[in-house]
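There are 2 protein chains.
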Amino acid sequence: MSTTGKQIFTTLAADGTLTVEVAETTFPEPTGNQVLVKMEAAPINPSDLALLFGPADLENAQYRDGKIVATMPEPFNSGARGRHGQRLPVGNEGAGEVVAAGDSDMARALIGKRVACVPGNAFSQYAIADAGMCLPLGDISSRDGASAFVNPMTALGFVETARMEDQSAILHTAAASNLGQMLVKICQEDGVPLVNIVRRQEQADMLKGMGAEHVVNSSDDDYREQLRAAIDATDAYFGFDPIGGGKAVDEAFKAMEQVAAGKMKEYSRYGSNQQKKMYIYGRLDLGPTILTPSYGFGWTLSGWLLTPFLQQAGGETMMRMRQRVLDNLTTTFASSYKQEVTLEGMLEKDAALEYRAMKTGEKYLVVPHG
Amino acid sequence: MSTTGKQIFTTLAADGTLTVEVAETTFPEPTGNQVLVKMEAAPINPSDLALLFGPADLENAQYRDGKIVATMPEPFNSGARGRHGQRLPVGNEGAGEVVAAGDSDMARALIGKRVACVPGNAFSQYAIADAGMCLPLGDISSRDGASAFVNPMTALGFVETARMEDQSAILHTAAASNLGQMLVKICQEDGVPLVNIVRRQEQADMLKGMGAEHVVNSSDDDYREQLRAAIDATDAYFGFDPIGGGKAVDEAFKAMEQVAAGKMKEYSRYGSNQQKKMYIYGRLDLGPTILTPSYGFGWTLSGWLLTPFLQQAGGETMMRMRQRVLDNLTTTFASSYKQEVTLEGMLEKDAALEYRAMKTGEKYLVVPHG
Numbered sequence: 216m217s218t219t220g221k222q223i224f225t226t227l228a229a230d231g232t233l234t235v236e237v238a239e240t241t242f243p244e245p246t247g248n249q250v251l252v253k254m255e256a257a258p259i260n261p262s263d264l265a266l267l268f269g270p271a272d273l274e275n276a277q278y279r280d281g282k283i284v285a286t287m288p289e290p291f292n293s294g295a296r297g298r299h300g301q302r303l304p305v306g307n308e309g310a311g312e313v314v315a316a317g318d319s320d321m322a323r324a325l326i327g328k329r330v331a332c333v334p335g336n337a338f339s340q341y342a343i344a345d346a347g348m349c350l351p352l353g354d355i356s357s358r359d360g361a362s363a364f365v366n367p368m369t370a371l372g373f374v375e376t377a378r379m380e381d382q383s384a385i386l387h388t389a390a391a392s393n394l395g396q397m398l399v400k401i402c403q404e405d406g407v408p409l410v411n412i413v414r415r416q417e418q419a420d421m422l423k424g425m426g427a428e429h430v431v432n433s434s435d436d437d438y439r440e441q442l443r444a445a446i447d448a449t450d451a452y453f454g455f456d457p458i459g460g461g462k463a464v465d466e467a468f469k470a471m472e473q474v475a476a477g478k479m480k481e482y483s484r485y486g487s488n489q490q491k492k493m494y495i496y497g498r499l500d501l502g503p504t505i506l507t508p509s510y511g512f513g514w515t516l517s518g519w520l521l522t523p524f525l526q527q528a529g530g531e532t533m534m535r536m537r538q539r540v541l542d543n544l545t546t547t548f549a550s551s552y553k554q555e556v557t558l559e560g561m562l563e564k565d566a567a568l569e570y571r572a573m574k575t576g577e578k579y580l581v582v583p584h585g
Numbered sequence: 216m217s218t219t220g221k222q223i224f225t226t227l228a229a230d231g232t233l234t235v236e237v238a239e240t241t242f243p244e245p246t247g248n249q250v251l252v253k254m255e256a257a258p259i260n261p262s263d264l265a266l267l268f269g270p271a272d273l274e275n276a277q278y279r280d281g282k283i284v285a286t287m288p289e290p291f292n293s294g295a296r297g298r299h300g301q302r303l304p305v306g307n308e309g310a311g312e313v314v315a316a317g318d319s320d321m322a323r324a325l326i327g328k329r330v331a332c333v334p335g336n337a338f339s340q341y342a343i344a345d346a347g348m349c350l351p352l353g354d355i356s357s358r359d360g361a362s363a364f365v366n367p368m369t370a371l372g373f374v375e376t377a378r379m380e381d382q383s384a385i386l387h388t389a390a391a392s393n394l395g396q397m398l399v400k401i402c403q404e405d406g407v408p409l410v411n412i413v414r415r416q417e418q419a420d421m422l423k424g425m426g427a428e429h430v431v432n433s434s435d436d437d438y439r440e441q442l443r444a445a446i447d448a449t450d451a452y453f454g455f456d457p458i459g460g461g462k463a464v465d466e467a468f469k470a471m472e473q474v475a476a477g478k479m480k481e482y483s484r485y486g487s488n489q490q491k492k493m494y495i496y497g498r499l500d501l502g503p504t505i506l507t508p509s510y511g512f513g514w515t516l517s518g519w520l521l522t523p524f525l526q527q528a529g530g531e532t533m534m535r536m537r538q539r540v541l542d543n544l545t546t547t548f549a550s551s552y553k554q555e556v557t558l559e560g561m562l563e564k565d566a567a568l569e570y571r572a573m574k575t576g577e578k579y580l581v582v583p584h585g
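Here the protein sequences line up with chains A and B, keeping their order.
Per our numbering, residue 216 is the first one in the first sequence, and the count goes up by one each step.
Per our numbering, residue 216 is the first one in the second sequence, and the count goes up by one each step.
Below, the structure written as structure tokens:
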């Protein structure tokens with residue numbers, strides 16, 4: 216027996232017209248290790264926004280008949296030619312109740328339970344999910360369990376990556392985000408020195424209020440001195456950046472090199488011997504990444520994504536990480552939301568403009584049956 | 216007994232005044248494993264130019280009394296504060312005759328022999344070198360042996376790096392250089408598919424004349440199609456770039472991702488699963504490196520330098536590489552020069568402007584006693 220319900224779809228036409236809509240859909244019966252989840256809550260993460268809207272012009276879009284029709288600028292439209300004409304579901308993660316299951320034992324054991332899941336179409340009233348990726352929430356509400364995967368596993372993944380690469384400290388840009396706050400708590404629990412770069416004083420105050428030791432505010436006049444002092448104190452020549460575009464990574468590399476070069480006894484035209492490494496894990500800024508030639512050749516910049524990381528880390532590490540998330544879902548890994556919206560509410564102009572701005576502290580939670 | 220002779224020095228004052236001069240110097244007696252080499256030939260490599268002139272304004276410099284006095288623009292002057300006030304010798308490598316030695320057996324065995332060496336002050340009539348790094352040239356002339364280290368070991372180092380990282384093919388930008396020609400020959404000998412990117416038709420013709428199979432001319436209208444076809448044919452998702460600034464790396468990543476994404480069955484917002492890696496090993500362009508957000512998160516960009524590579528590769532690999540260079544110094548690893556200059560000739564305006572332009576086929580050879 217199939218189930219019908221509403222779901223968000225995003226479609227980019229070859230001419231650059233982006234249509235985002237709520238549509239009635241039929242969900243198939245789950246088979247094998249699948250479960251059908253009645254979705255109760257799903258966060259709008261930056262990685263969802265990249266697919267939902269990308270850099271489309273939402274300011275001048277049409278909002279009517281429960282649809283957004285917007286224009287995707289170049290070069291992004293051509294760059295996204297792989298999705299042209301495809302009607303795509305959206306929403307990496309969420310939580311809800313398992314209402315049907317395939318015939319595997321693992322799937323059947325979840326019937327009637329509230330779970331966090333990673334279906335890929337979480338902005339929907341129903342979703343088919345893999346039972347092996349579901350996290351039974353017990354007494355935890357769907358609202359509290361909705362963000363149990365992307366941010367917690369990413370923040371834990373940073374610390375695991377640091378360990379795998381023999382790094383003893385971490386630098387994090389845009390550090391006041393939900394994910395950044397989780398990272399502060401994880402690093403405190405694990406005794407990993409963490410340099411937090413934020414953009415505003417209230418963000419610095421918030422992280423310091425959580426006990427963060429090294430917080431650098433990029434709006435301060437002496438920002439670069441602060442950053443160098445924090446790197447010097449922690450030996451953080453390794454970091455993560457969700458901004459991507461502009462000079463966030465460049466500033467980090469430059470400060471790292473200046474600290475390392477300051478400790479050299481002799482001038483070297485090639486810079487210090489200190490290896491510096493940064494990972495870009497998001498694209499809050501879709502402009503190009505700018506790397507100036509001011510830190511020699513001892514640096515590496517790489518992309519970081521959760522799924523390939525988990526594949527590389529292996530099943531055992533992933534199970535350990537998931538258990539830690541579940542054990543601390545309302546403390547270390549708690550998320551907060553500015554606003555709840557329905558599927559239809561997601562497509563209203565004021566809401567769309569606000570949550571797509573991805574401002575710190577302004578995350579939205581979708582309640583598909585709300 | 217100490218020896219006197221002429222040597223090139225470069226000095227950057229804190230106010231940005233760069234002085235490059237020939238000066239009489241006293242060379243100490245070699246001790247231990249050192250030898251004193253009467254330098255007969257030394258190439259002017261891009262890595263020497265970074266120290267010799269950097270981005271100083273040579274067009275409007277003063278050329279008189281055997282000196283160049285030029286202005287170092289910002290931000291490069293501040294960026295080079297580590298060398299302010301230091302009078303630095305220049306010249307990574309060269310060849311000449313060993314005229315004195317320390318008391319180690321290895322050093323004494325070289326007396327009277329012609330060697331290639333890596334003294335760091337090769338633009339000099341004499342230089343102290345480490346006997347362990349000297350390559351006895353036998354019948355090979357100093358002119359033919361002068362470039363036995365930097366380019367040959369770098370080109371071999373690329374192939375070794377590819378092997379260490381389980382890469383089966385290599386992409387090389389600015390591929391018509393002396394080093395690029397060596398890489399063509401090495402890859403032919405070792406059966407490693409190589410994508411060569413050049414900027415002019417005569418460079419493409421020259422490499423094809425050497426038997427290079429995949430040569431892409433970035434001046435052609437269909438350059439990007441050519442590049443994608445070459446990557447598709449070779450699986451070169453791994454490469455080296457001596458340009459550094461601008462979009463050379465970006466173009467390579469973009470083409471790699473387009474080839475990989477073209478083989479995907481399903482659209483992914485995160486791009487293909489194909490890992491792409493580029494190394495920057497030079498800075499022919501001192502502008503910033505520009506990375507556009509058009510190839511997902513599966514990429515790594517890193518600096519590559521010969522010395523840290525050799526340290527990582529270890530003594531055995533290095534000895535094997537050196538033997539291969541020595542065995543093929545006038546064939547695979549032959550260098551060609553446009554012009555010979557004396558130490559004084561290096562500081563004449565026409566010469567300085569020409570060799571600092573680092574154009575393909577316009578390398579200079581310094582003959583300190585010529």
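Even glycine gets a Cβ: it sits at the ideal position worked out from N, Cα and C.
Since this is a predicted model, take the numbers as computed values, not measurements.
Within 7 Å (strictly less), CB to CB, does residue i reach chain B?
i       : result
E452(A) : Note on residue identity: the sequence assigns Tyr, not Glu, to residue 452(A). No, no contact with chain B.
L266(A) : yes
S551(A) : no
F512(A) : yes
Should residue i be flagged as near chain A, meaning a C-beta pair shorter than 7 Å?
i       : result
Q222(B) : no
T504(B) : yes
S509(B) : yes
T369(B) : no
Q301(B) : yes
S517(B) : yes
L227(B) : no
If the criterion is Cβ atoms closer than 7 Å, does the pair residue i and residue j meet it?
i       : j       : result
P457(A) : A370(A) : no
A470(B) : S487(B) : no
Y341(A) : F455(A) : no
N248(B) : A346(B) : yes
V333(A) : M348(A) : yes
P503(A) : L506(B) : yes
A257(A) : G306(A) : yes
Y570(A) : I259(A) : yes
G459(B) : D500(B) : yes
V582(B) : E555(B) : yes
E239(B) : K221(B) : yes
A285(B) : L350(B) : no
T225(A) : L267(A) : yes
V314(B) : L325(B) : no
On the three-state DSSP scale, how would you describe residue i?
i       : result
A391(A) : coil
P304(B) : strand
P290(B) : coil
P523(A) : helix
M397(B) : helix
L501(A) : strand
T449(B) : helix
P351(A) : strand
L580(B) : strand
T376(B) : helix
S433(A) : coil
Out of the options, which has the shortest C-alpha to C-alpha gap to residue i?
i       : options                            : result
G497(A) : G511(B), K578(B), T504(B), D500(B) : G511(B)
K478(A) : E466(A), S509(A), I446(A)          : I446(A)
P508(A) : E481(A), D465(A), L541(A)          : D465(A)
Q382(A) : G327(A), G395(A), A451(A)          : A451(A)
A344(A) : D272(A), D359(A), A322(A)          : A322(A)
E559(B) : H429(B), D280(B), K462(B), S262(B) : D280(B)
For residue i, count neighbouring C-beta atoms within 10 Å of its own C-beta (all shown protein chains included) and say buried if the count is 16 or more, exposed if not.
i       : result
T545(B) : exposed
K574(A) : exposed
M379(A) : exposed
M425(B) : exposed
R415(A) : exposed
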